[in-house]
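Here is the structure we will look at.
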Amino acid sequence: MRRPIMAGNWKMYKTPAQTTAFFETFQPLVANATHADIVICPPFVDLPAAAEATRGTNIEIGGQNLYWAAEGAYTGEVSAGMLRDVGCKWVIVAHSERREHFGETDETALKKLCAALEAGLTPIFCIGEKLHEHESNQTHEVLGRQLRGCVGYLSPEQFRGIVIAYEPVWAIGTGKVATPQIASAAHSFIRNCIRRQFDADAAEACRILYGGSVKPDNVAGLMAEEQIDGALVGGASLDPVSFASIVNF
Ligand code: PGA
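All the letters of the sequence shown, read from the start, carry residue numbers 25 to 273 under our numbering.
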């Protein structure tokens, strides 16, 4: 019932020329894929090349971050309106690498979610526990806190506009994918939190992606879980053949 989303997060990889080359190979490989939303989030400087390469295709593009003000004296930042204008439909918010290295908090994430929604972008809001939290059984506590601190302040209407990505930090870039059972249990917990805050319909409708070492050889097992509505893919989205085989799982 929930339409899958297969999203690639390139992080700080690829130049504009490499972006164009990626789509030359990738686009024909996913041209017949109608079962999912296909999204690529490249670095900001690659967005014009990505927009050009995906025009008129079934591939959509997104930013990896944004700032909440519309414009102003904020050196180094990019607004939601700017992302929209260059052709983005999506934006990743509060990726764990932003939380870890760039001071992202639940509070800044909330401002970014609101700014993205206001501009008509679909935010992919990332949450997930660290390794020590995972090992000490604090996963639910962490997810609950990250949801309350951010999604907790959204109206039902705003909430309908967002997508959630569960990304256990211990699985990101480590090759240590969460088992489908672990991921599915976390997704169920998230859906229960949504049900408690909003209602059963909101919980049923919300698309929750899994992210963390998704590869061509493990994507089918994850996607077989009813609770998992798609994937947010880092490393394996950089290679067009590998990401196409994830999209076409
Ligand atoms: P990974 O990254 O697929 O390389 O683990 C996922 C992410 O950070 O979104």
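Glycine included, each C-beta is placed from N, C-alpha and C at the ideal position.
The structure displayed is predicted, hence computed values, not measured ones.
(request) Please confirm if the region 182-190 is in contact with the region 147-155, defined as three or more CB-CB distances below 8 angstroms between the two stretches. (result) yes
(message) Beta-carbon within less than 6 angstroms of F273's beta-carbon, same chain only, minus the 5 sequence neighbours each way: which residues are those?
(response) V243, A244, M247
(message) Which of the three DSSP states is assigned to F273 in this structure?
(response) Three-state result, F273: coil.
(message) Given a cut-off of 8 angstroms on the beta-carbon distance, is the pair G144 and W114 in contact?
(response) no
(request) Mind the definition here: the region 116-125 touches the region 92-104 only if three or more C-beta pairs lie below 8 angstroms; say whether that holds. (result) no
(message) Any heavy atom of the ligand PGA inside 7 angstroms of the beta-carbon of G236?
(response) yes
(request) Round the Cβ separation of S120 and V193 to the nearest angstrom and send it over; I've been treating them as touching at under 8 angstroms. (result) 5 angstroms
(request) With a 10 Å radius around its C-beta and 16 neighbouring C-beta atoms as the bar for buried, classify A229 as buried or exposed. (result) exposed
(message) Buried or exposed for Y234, going by 16 or more other Cβ atoms inside 10 Å?
(response) Here Y234 is buried. Its C-beta has 16 or more other C-beta atoms within 10 Å.
(message) For Q88 and N33, which I take to be in contact (beta-carbon distance under 8 angstroms), what is that distance rounded to the nearest angstrom?
(response) 6 angstroms
(request) Give me whichever residues DSSP pairs with D61 in a beta bridge. (result) I29
(request) Please list the segments of the alpha helix (DSSP H) lying wholly inside the region 233-265, counting only runs of 4 or more residues, in order along the chain. (result) 243-247
(message) I need the boundaries of the beta strand (DSSP E) containing I186, first residue and last residue.
(response) Looking at the DSSP string, I186 is not in any beta strand (DSSP E), and its letter there is neither H nor E.
(request) Could you check what DSSP says for F149 in three-state terms: helix, strand or coil? (result) strand
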